[in-house]
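**Q** Sequence order for the protein chains is L and R. When we follow our numbering, the leftmost residue of the first sequence carries the number 8, and every step to the right adds one. When we follow our numbering, the leftmost residue of the second sequence carries the number 8, and every step to the right adds one. Note that the Cβ used here is the ideal one computed from N, Cα and C, for glycine as well. Next up is a structure, given as structure tokens.
2 protein chains.
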Amino acid sequence: MGLTESSHGEKRSMIVVQKYGGSSVATPERIKAVARRVVEKKREGHDLVVVVSARGDTTDELIDLAQQITQYPPEREMDLLMSTGEQISIALMAMALRELGQDVISLTGAQAGIITDEVHRKARIIDVQPQRIWQELTAGKIVVVAGFQGINDKGDITTLGRGGSDTTAVALAAALSAECEIYTDVDGIYTADPRVVTEARKLAEISHDEMLELASLGAQVMQLRSVEYGKLHGVQIHVRSSFNHNPGTIIREGSSMAEARIVRGVAFDRKVAKISVAEVPDRPGIAHCLFSALAGNKINVDMIIQGVNRDGINDISFIVARDELEGSLEICRRVAAEIGAREIYHDSNVAKVSIVGAGVANNYGVAARMFGALAQEAINIQMISTSETKISCIIEDRQVEKAVRSIHQAFELDN
Amino acid sequence: MGLTESSHGEKRSMIVVQKYGGSSVATPERIKAVARRVVEKKREGHDLVVVVSARGDTTDELIDLAQQITQYPPEREMDLLMSTGEQISIALMAMALRELGQDVISLTGAQAGIITDEVHRKARIIDVQPQRIWQELTAGKIVVVAGFQGINDKGDITTLGRGGSDTTAVALAAALSAECEIYTDVDGIYTADPRVVTEARKLAEISHDEMLELASLGAQVMQLRSVEYGKLHGVQIHVRSSFNHNPGTIIREGSSMAEARIVRGVAFDRKVAKISVAEVPDRPGIAHCLFSALAGNKINVDMIIQGVNRDGINDISFIVARDELEGSLEICRRVAAEIGAREIYHDSNVAKVSIVGAGVANNYGVAARMFGALAQEAINIQMISTSETKISCIIEDRQVEKAVRSIHQAFELDN
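Written as structure tokens, this is what we have:
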């Protein structure tokens, strides 16, 4: 995969899947600008599949419309409603490309063969049937595909959740053995959020695993699921800006750059809350009882820590998304009563700060250096969690920016 | 067909197809009001299929968006764009019905089995495959269907042209052997436009043929094609207001009311223009040459009149839609040069005024009474055309309202 240059400097045509996000197609002017960019790529001799999201605020406007009708819109109907956003975008993008003299066709998710499971609003792509796309590419057309949406085996429209257009693009790239370019409103993946750390540096390359950790930790340039899909199918993803021509960050396996440094970036997430279930009896099955109840309500739990056993009594602490705190507490209270736990504490004034890098787990000094950077700024660490590629700490929310800057400097990520 | 009442006064459940136009679903408030109305009907024991149009100005907004991208949007892409309007409406309507505790599902044209030919923007329904609708009705659900749209055998979305939602409703009523109710922003079909003739009276019943003439003559309450479809399949159509509960006008075959009066209504159309091709040689094939050239450019021609033959020379006059005048003249000039016609005249300060009724053709006094009414107001008749169910006159545009009032009175349509 990838554009190959022969020894004669001759370029071989290949398929490129480009994805443009909502801000890149927000206005007719922006759509025309994107169309010009697509044509540039086409002129280099590539076959083009262009995945587009809903324009700018369309999604929010549609949600607002639904809210004016009912507080609890059925999920199937929400999907039908939301999918119109991308449908408008593909029609307009196809018109803009035709206006530039291109042969072009637009396809909805269903027409493009994006087959999903039956879960509405967060559907998973279970198959891609790209026959129609092949047919149109073979006829020499640029194919514009609606991101974020698919069809289930009932023939109903589904959507893939926020950021789902990324997954559409990566899934199509996998099915077509194509390169994937994700155009967004940022320049690429940075060592830390440039709005917090002015010295943050753009990464030229990063591995899928590192990107997964960064994405899951709050550096939400791409939808998590799209990176997982890319890892599973070995898709190389170029994340770059649609507002300039700078090279962005390439996500690919075994990137040599990825090996050169132990820590690749510092991420943080302020949208978290801590829950502690205090004095849980030390019996088998207690943790299962608690966390299966949460999972059954589709609540994602992170950084589960069970305190040291004292006299057959445990404390269990964990992290949830801040906007799921209320729902989580309700479930915890119910389970606590069943299992005989004494009390439930919670704290939403916390944030998670993490370092990410392929070598984190196998390099002893790394954790110590991170904790040292926090200590130097007198930041108290409330919880710690480590994995193969990351170390995360829960700290007080108001200290998070100071923490990120201090860690970024400690690992010399700015040079 | 029709709700039947047994001898015990017991009502038997049947399927009712209701269609609500754009003004009826323009705002969340209106959508909720329509939903309440649908539920009323459901509570009478009917199975409900609800066809909805795009909300209020949505269609115009989408056209405007396309115009900002290109002056000549491809028709296939326009259909994909326009169809989002109804898709938004059905999702919102389904939400409003669910909010009222109803079991409900929304279906796009494709999902509802509306199969069309491949002509974009003015597609014709060639088949209705209502399996999914049957299935959902059997499951006890209210089925909300997107009007105006279908799918062709390539799997591409098509639209049925302005007013196409009426045709969707009538086609579904035919396929489901259902009653059809068309809810609009007028109370029904009147003997004349109530804005012009204050004494105009609402008709309780009218035949399909009479309605076809009225619709084609400018009383554009319903799309012409939907009435044709209804006539062909014997669908009874109740045209009524969504803003009140007054009975409207029922369109049905052999209505006894329809026989009672010779003239049912007076219609007019100001959006016409007259073209005369002067001194056409009197040879076979000349008329064919002229009108096939116009037809080839999709221009509808009406009221063709060929003057009396003088020394092998004819004048041919006809009527076109005013907004097609320029295009028509261009074609006429080209053909005139080919066939050796001397000159082309045109006049866009004309209007068509017509009387419609099943008995018009077989009652001699009718035409005379119409001409007498015009003469009484000193209105000059420029062209006359008659058919089985109508008599039309071309007069000066500025005299049209006076003409309509005078004819309405002459036939005593107000009582």
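Let me confirm a value: S184 of chain R is counted as buried when at least 16 other C-beta atoms fall within 10 Å, else exposed. Which label applies?
**A** Around the beta-carbon of S184 of chain R, fewer than 16 other beta-carbon atoms lie within 10 Å, marking it exposed.
**Q** Closer than 9 angstroms between beta carbons: that is the criterion. Which residues of the segment 85-108 of chain R meet it against chain L?
**A** M85, D86, L87, L88, M89, S90, T91, G92, Q94, I95, I97, A98, L99, M100, A101, M102, A103, R105 and E106
**Q** For I76 of chain R and chain L, any beta-carbon pair shorter than 7 angstroms?
**A** So, interface residue.
**Q** Quick check: L6 of chain R and I76 of chain L, are their CB atoms within less than 7 angstroms of each other?
**A** Residue 6 of chain R is absent from the model: chain R starts at 8 and stops at 422.
**Q** From this set, R:A222, R:V193 and R:E286, which residue's C-alpha is nearest S248 of chain R's C-alpha?
**A** R:V193
**Q** Along the segment 34-64 of chain L, what residues have a CB closer than 8 angstroms to any CB found in chain R?
**A** P35, I38 and K39
**Q** Helix, strand or coil for F155 of chain L per DSSP?
**A** coil
**Q** Determine the extent of the beta strand (DSSP E) in which T174 of chain R is found, giving its start and end residues.
**A** From DSSP, T174 of chain R is part of no beta strand (DSSP E) but of the alpha helix (DSSP H) over G171 to L183.
**Q** What residues are listed by DSSP as bridge partners for M390 of chain L?
**A** In DSSP, M390 of chain L forms a bridge with L:I401.
**Q** For I121 of chain L, does the count of other Cβ atoms within 10 angstroms reach 16, so buried, or fall short, so exposed?
**A** buried
**Q** Any idea if R83 of chain R is buried or exposed, counting beta-carbon neighbours within 10 angstroms, 16 or more meaning buried?
**A** The residue in question, R83 of chain R, is buried, as its Cβ has 16 or more Cβ neighbours within 10 Å.
**Q** I need the DSSP call for L114 of chain L, collapsed to helix, strand or coil.
**A** Under the three-state reduction of DSSP output, L114 of chain L falls in the strand class.
**Q** So what does DSSP say about H295 of chain L, is it helix, strand or coil?
**A** In this structure, H295 of chain L counts as helix in the three-state DSSP scheme.
**Q** Out of R:Q94, R:D71, R:D134 and R:I112, which one is the CA nearest neighbour of V59 of chain R?
**A** R:Q94
**Q** Does the CB of S172 of chain R have a neighbour CB from chain L at under 7 angstroms?
**A** no
**Q** By DSSP, does F378 of chain R sit in helix, in strand, or in coil?
**A** helix
**Q** By a C-beta neighbour count over all protein chains shown, 10 Å radius and 16 as the cutoff for buried, is R290 of chain L buried or exposed?
**A** exposed
**Q** Please list, in chain order, all residues of the same chain as V343 of chain R whose beta carbon is under 7 angstroms from its beta carbon, the five residues on each side excluded.
**A** According to the sequence shown, residue 343 of chain R is Ala rather than Val. Result list for A343 of chain R: V284 and I351, in chain order.
**Q** Taking the continuous beta strand (DSSP E) assigned at V273 of chain R, which residues delimit it?
**A** Going by DSSP, V273 of chain R is part of the beta strand (DSSP E) stretching over G272 to P288.
**Q** Hey, out of R:S172, R:Q156 and R:T393, whose CA is closest to N370 of chain R's CA?
**A** R:T393
**Q** Between the C-alpha atoms of E125 of chain L and V135 of chain L, what's the straight-line distance to the nearest angstrom?
**A** E125 of chain L and V135 of chain L have their alpha carbons spaced roughly 15 angstroms apart.
**Q** Under 8 angstroms: do the segment 171-186 of chain L and the segment 154-162 of chain L share three or more Cβ pairs, one atom per stretch?
**A** Taking 8 angstroms as the limit for Cβ pairs, the verdict is that the segment 154-162 of chain L does touch the segment 171-186 of chain L.
**Q** Short check: CB of S31 of chain R to CB of Y197 of chain R, under 7 angstroms?
**A** no
**Q** Going along the chain, which unbroken runs of the beta strand (DSSP E) with 3 or more residues stay wholly within the segment 44-78 of chain L?
**A** 54-59
**Q** Go through the segment 189-249 of chain R residue by residue and report every complete run of the beta strand (DSSP E) that reaches 3 residues or more, in order.
**A** 244-248
**Q** Roughly how many angstroms lie between the CA atoms of Q78 of chain R and H240 of chain R, to the nearest whole one?
**A** 39 angstroms
**Q** Report yes if the C-beta distance between G271 of chain L and V363 of chain L is below 7 angstroms; otherwise report no.
**A** Note on residue identity: the sequence assigns Arg, not Gly, to residue 271 of chain L. Contact: yes.
**Q** Exposed or buried, which one is V23 of chain L when buried takes at least 16 other CB atoms within 10 Å?
**A** If you draw a 10 Å sphere on the C-beta of V23 of chain L, you find 16 or more other C-beta atoms in it, and that means buried.
**Q** Just grab the DSSP bridge partners of I326 of chain R for me.
**A** R:K281 and R:D309
**Q** Under 8 angstroms by Cβ, that's how I've got V46 of chain R and Q109 of chain R pegged, so tell me the actual separation to the nearest angstrom.
**A** 6 angstroms
**Q** Quick one: using the 10 Å Cβ neighbour count with 16 as the cut-off for buried, is Q25 of chain R buried or exposed?
**A** buried
**Q** By alpha-carbon positions, which one of R:R412, R:E286 and R:V234 ends up nearest to N321 of chain R?
**A** R:E286
**Q** So is N356 of chain R buried or exposed if we call it buried at 16+ other beta carbons inside 10 Å?
**A** exposed
**Q** Using the C-alpha atoms, what's the distance from I311 of chain R back to F1 of chain R?
**A** Residue 1 of chain R lies beyond the range of chain R shown here (8 to 422); nothing can be said about it.
**Q** Considering only their Cβ atoms, is the gap separating K409 of chain R from S361 of chain R smaller than 7 angstroms?
**A** The answer is no: Cβ separation not under 7 angstroms.
**Q** Since M89 of chain R contacts L69 of chain R with CB under 8 angstroms, what's their CB separation in whole angstroms?
**A** 6 angstroms
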